Structure formats: C-alpha cells, structure tokens
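Residue numbers (our numbering), protein chains in the order written: chain F, -3 to 165; chain H, -3 to 165; chain E, -3 to 165; chain P, -3 to 165. We put the CB at the ideal spot given by N, CA and C, even for glycine. Given the structure is predicted, the values throughout are model-derived calculations rather than measurements. Single-structure report; data block below.
Number of protein chains: 4
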Amino acid sequence: MSGMPDATPAGALDLPIAVRWTDLDAYGHVNNAAMIRLLEEARIAAFWQAPEDQVALGAVEPPAALPISGVGAEVSTVIASQRIEYARSLGHRRDGVVVRLWLSRLGGASLSVDYLVLTRDDPEGTAPYARARTVVVMVDAATGAPVRLDAGTKQRLAAHTGEPLTFRD
Amino acid sequence: MSGMPDATPAGALDLPIAVRWTDLDAYGHVNNAAMIRLLEEARIAAFWQAPEDQVALGAVEPPAALPISGVGAEVSTVIASQRIEYARSLGHRRDGVVVRLWLSRLGGASLSVDYLVLTRDDPEGTAPYARARTVVVMVDAATGAPVRLDAGTKQRLAAHTGEPLTFRD
Amino acid sequence: MSGMPDATPAGALDLPIAVRWTDLDAYGHVNNAAMIRLLEEARIAAFWQAPEDQVALGAVEPPAALPISGVGAEVSTVIASQRIEYARSLGHRRDGVVVRLWLSRLGGASLSVDYLVLTRDDPEGTAPYARARTVVVMVDAATGAPVRLDAGTKQRLAAHTGEPLTFRD
Amino acid sequence: MSGMPDATPAGALDLPIAVRWTDLDAYGHVNNAAMIRLLEEARIAAFWQAPEDQVALGAVEPPAALPISGVGAEVSTVIASQRIEYARSLGHRRDGVVVRLWLSRLGGASLSVDYLVLTRDDPEGTAPYARARTVVVMVDAATGAPVRLDAGTKQRLAAHTGEPLTFRD
C-alpha cells in the first residue's frame, strides 16, 4: 500500500472469523461481498451481542456492547456507508482470518468501525489483506430516527477507539 | 444527500436486478453485504458476459463486454476497492431494483464502475437508495499480473463512460 | 428419472425466480444450497406474503396466503424437512427458472410443498431440473408450539393442493 | 424422532463448523438453506480437500480424500439428491455446530454421505438438531459422464462407512 504500516490502536479487538468454501469465487479467492460478510460477522461479535454472550466470547476480551440486542430491541442500527480496499487476494484459509477492528470515530448517534483483515501468521498486522470502514448509525427501531448514544455506552466504547485508517482514494 | 441530484451519463446502463427475501435483515431491509451482491450481479450482467449472452440481454442495449468470460478465460478480474453510501434503507421490492452503472474511469489495466441503486418508479434517478463504486483490475488469470485493456475493448467500453460520483467522505 | 412425467396439479402455481451468478459453483452449475434458496424464494412469494402484496404479484394469480406475514406475526413457520432430487445440472439462465409448486399435503398444523424446477422453454414441465418437497409446520411465534390452520385458511389453500411427487429413494 | 438414538459409526468424522449471524432468519434460527451450507462445508472439509490440506486439519483425523481437488481437477462431483429432517430449531451458537458425517453407501460412481448436526455439549450425539443425507456422483469434469471410484480411493473411503440413517418419511 504505502511505506508506513497501519498502527494498531491499543483498544483494537481481534476477532477470529471462519472462511467458508462458499465464500470463494471460481478463482479460489474470497469474493468481495463475502468479505463484507466477514467484516459484518466480526462487527456483530464485537459490539452487537447480548451482555450474557460477551463474557463467554472466549479468546477475546469482553467487548463493549452497544445498547442493542437483535430483534425486539428498541435501538437498531443502519449502515450509512461501507468501504474496503484490498491489498491482495485472500484464498481459503483453514484457520480463517483475524479481523482487527476499532472505533475510529464516536459521534452523537453514529460511529465508524475501522478494520484490518489479517491472518493468524501475522499477529503484528504488517500485511493486511484488506482495510475497511463501516459507518453505523443508531436508530429507533420503531421510527428509524437517529438515537444518541448514552453517556455510559460512550464511555465503554471509548476503550476501543483509535486513529482512523487512511484510504488510497 | 445534497442539493444537486446525480447526473446520469448518456452511456449509463440500467440493469434490473431481483431482490430476494433472504437479502433482508431482521428489520426487513436489504443487508449491506447483500447490496454489494446486487451491484455485483449488475456489473457482471453489464460487462462480464460472453458475447452470445449479451445480444439477448433483453430490455437493455447490448453492453460492451470485457475480454473475459468466466472460468477458463485468460484474463480475469480482481476487485481493488469497493465503496457504497446509503441514502436510506431499501426494503423488499416485488419489482426488484434498477442498478444504473457506468465507467467513471478507464485506466490502463483497471477501471472504475459507478452505480446508483434506483427503483422502477424513479426512472429519472432523482432519489437513489445508494451510490457506489467498484475499482476493478484486469489480471492474467494464471499469474495474477495486471493486463492492459486492448484498444478495441477500450473503444467499446468508452461508450459507457461518464462523470464520477462524489462521495460524502 | 422414470417413464412417467410428473403430472402438474390444476392448482399449481408457477413462480418466476431469478438465478444469480453467485448461485453458481466453480463449474457454472447452480449450487445445491443455492437451489434450496430458489425454492424458498418461490415458496415465500406464493404463500408467505402479506395480503396487499399478493394482489400485485404480477404474472401469477394471487396466491392463498398463510396467516403469517413476517416478523411481528403471531404465527410463524418452521421447516420440518426438506428433500430435493436433481435430474441434471442447471447452469446460469438469463431468464431465470420457473418454480412450479403446490401443496401435496394439508395437515392440521403442517403442510407439504412439492416443487418442480423448470425453465421458461418448458412450459409443459416435461423435463424438470429438480423435484423437491418441503414440510412446513405452523407454530406460535412466541412459544414455538404447533398452531392448527383455521378453516378459512385451509379452504383457501385447498385450491392449490395436488398429488404428491414420488421420489427415487 | 423415535425411541432409539442414532448409532454413530466407528469411522464417522466430527467436523466443527462455525455458525454465522447471517445464517439466522428473523426468528434467530439457522435458516434451512444455510443449514445445507453447513453440511456442505463439513463434507468439503472431510472429503474434498487437497492432500496437503488434510494432514493439517487439526482436531480431526486426516480424512480420506476423494480424487478431486477443486477447479482444474479431472474428476468433479455433482449432487444427485439432498434430504434433511429437523428435530428442532438451532439458534446461534458462539461455539458453532459439530457436523458428524460418514459414508452410508459407497457405490461404483456415487456415494451417500449421512450427517448428524450436533453441538459441542452433546459429544454422544444423543440429541441431534438435524439428520441429513447427500447423494454425490463422481463425474468427468469435462464431459459430465459418471466416473467409477478407483480401488485405492474406495479402500481409503471404506474406513469412514457406516449404517445409513432412517428418515421419518
């Protein structure tokens, strides 16, 4: 990409995500839309789970939950934008990928999640396969109106903030 | 989004794409990764098909094929980057969506595809649900090395070029 | 399959379903799990939609709705079993497939949907690509307990019943 | 299901498979087509991989490879039939599922794979969520004609054979 490697913020979370054979295109590379699904799996696992789930998440530290927990919750999320840049193609990996993510922006009713797609043989994150960002907006599940993050949630989420990635274009 | 609507280039292609129930999330909105699949379907239908397929594409004018035609072709494509911005959520549509796309950049070995995601009741494209761009690189299917577009292909593709979209961030 | 073609019941519904490039495996054939999705799309379009959607379904006659309409409904459905037998591989079709379906059994709280996967150039259904059956159980969305179909729904659904398919094994 | 639990053949393989959030329907249950994908992932991991992959498969013993290894191989496979019966709904599991599979029939050019879908807290397999079977035919990748399994492959696969499951209907 460029000379400087991406610095990993201290509060970043590493989420191991399995790659499926059906994520691959005819050339054996993880398809673009499938990669967005891998990011989504990581994001949900990190921030969207019910509290009781988080403690048991295993290898990662218990992440800071957003105040939502699936269907029935009063607060929902919508995606405002998504971007991803690939450094090179990712083939099938028996050991899956590691999605490293952190919050690069924590706004009133929205937040930005930045990601590096890594593999287990690169714990330093020196050669990410892809770099990505999702902008998420918190909304009232019934009306769709933006909902401000409360102070407690913001404080918990603040532990996972870090510098935003720079994209090529 | 902003005051000025997106101008549709003269060479843009409109591709009707079916929305599936399984594209929807628990809130009845087309999921982010599913939307990337809709763009992919439209891009493939417009530029990736074998010549004999293109003539019969029905309602749209025969698109300009890239010199590739699936597995076995000598030239393949890889995605360099993908971005999408949503104006609002898209629910299930019995009549699917219309993906309007054009080439916003035609480089030596790469090209950029810009998209507006529209519905049939908005033929003018005044209120796109999403605006997106995919950067595609032509590569040698065997070696992965970039392959320059030949003059004939470039000339055919030039009929579908247009101004690039401006993204929010 | 065998000597006798499958007879199409009078009340069968024909649902046109689009095939996606991403439904194909590396050999260009619709993948097994993707085919189950095509059946699901047809089944939902025929029986699961909200009443206001049904009238506008276009080419097909308005189907008989089950008394459910997505999240929030009091009655939900679960799949008890699924089977499919392939006569031959199905490649990509620009014009998609036609899923012909009918109710081969209408029980107290469950029903069986039988399917033939056809193409538009075979309106008689003489050479189906696949033959399938899904057994669906109506359940209380809150408790999961089976819910009996009421008399009115049964009467409407009865218009779409027909002889069950015979499977090879 | 019935009084007698399913006996697990000695040569059965247990494959751990991750469940994704996007495998779930609006009710939080693994969707029918998604479950077929889980079976497919397990089947590919057990029998379809290139030899060098198999040794490193981790917790499971090195499985017996079919003489195929993806695109480019001379022998391919097609699905002749698929069936699955559900005992109850499967929700999201942080620890995924365990797909137990074995060969319930080893024919000339075809074989049957039987599966139990289990969870890690049920190593005995007393309460499978689903029971399934896939019939696979080996074909010449170029012509599609059936290809007989050679004696060596049959001998290796024989280590993973076992009694067929009995299905409800």
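Assuming residue i and residue j make a contact with CB atoms under 8 Å, what is their CB distance in whole Å?
i	j	result
Val109/P	Leu102/P	Going by Cβ atoms, the distance from Val109/P to Leu102/P rounds to 10 Å, so no, they are not a contact pair.
Leu34/H	Val93/H	6 Å
Tyr125/F	Ala83/F	6 Å
Are the C-beta of residue i and some C-beta of chain E separated by less than 7 Å?
i	result
Ser100/P	no
Ile32/H	no
Tyr125/P	no
Glu120/H	no
Residue i CB to nearest chain F CB: under 7 Å?
i	result
Tyr111/H	no
Thr162/H	no
Val71/H	no
Asp49/H	Because the pLDDT at Asp49/H is just 43, under 50, the model does not fix this residue reliably, and the value given afterwards should be weighed accordingly. No, Asp49/H does not count as interfacial toward chain F.
Glu36/H	yes
Ile75/P	no
Between which residues of its own chain and residue i is the CB-CB distance below 7 Å, once the five residues before and five after are set aside?
i	result
Val133/P	Thr73, Val74, Ala76, Ala105, Ser106, Pro142
Arg89/H	Val15, Thr115
Asn28/H	none
Lys21/P	It is worth fixing the name first, because residue 21/P is Asp in this sequence and not Lys. Once the five neighbours on either side are set aside, the close Cβ partners of Asp21/P are Asn27.
Gly87/H	Gly24, His25
Ala30/F	Asp19
Asp117/F	none
Excluding the five sequence neighbours on either side, which residues of its own chain have a C-beta within less than 6 Å of the C-beta of residue i, listed in chain order?
i	result
Gly66/F	Only weak support exists for where Gly66/F lies, its pLDDT of 46 falling under 50; the value from the coordinates is given anyway. Nothing meets the Cβ criterion.
Ala123/F	none
Ser199/F	An answer regarding residue 199/F cannot be provided, because it is not within the stretch -3 to 165 covered by chain F.
Asp136/F	Val143
Arg39/H	Val109
Glu37/H	Ile13
Ala41/E	Leu11
Does any CB atom of chain H fall closer than 7 Å to the CB of residue i?
i	result
Arg16/E	yes
Ala22/P	yes
Arg93/F	As written in the sequence, residue 93/F is Val, which differs from the Arg given in the question. No, no contact with chain H.
Asp10/E	no
Might you give, ordered along the chain, the residues of its own chain that have their beta carbon closer than 8 Å to the beta carbon of residue i, omitting 5 neighbours on each side?
i	result
Ala6/H	Gly158
Ala163/F	A small fix is needed here, since residue 163/F is Phe in this sequence, not Ala. Cβ within range, chain order: Arg79, Glu81, Arg127, Arg129.
Gly121/H	Pro1, Asp2, Thr4, Arg96, Leu112, Leu114
Gln151/E	none
Trp17/F	His88
Could you tell me whether the Cβ of residue i comes closer than 7 Å to any Cβ of chain P?
i	result
Ile80/F	no
Leu105/E	The question names Leu, but residue 105/E in the sequence shown is Ala. Output row for Ala105/E: interface = no.
Ala29/E	yes
Ser85/E	yes
Is residue i near the ligand ADP, in the sense that its beta carbon is under 6 Å from a heavy atom of that ligand?
i	result
Val135/H	No copy of the ligand ADP occurs in the structure displayed, which carries no ligand at all.
query = Where are the beta strand (DSSP E) runs, 3 residues long or more, that stay fully inside the segment 82 to 107 of chain H, in chain order?
reply = DSSP runs (the beta strand (DSSP E)) wholly in the segment 82 to 107 of chain H: 93 to 102.
message = My parser needs the alpha helix (DSSP H) runs of 4 or more residues fully inside the segment 101 to 158 of chain E; what are they?
response = For the segment 101 to 158 of chain E, whole alpha helix (DSSP H) runs of length 4 or above, ordered along the chain, are 147 to 154.
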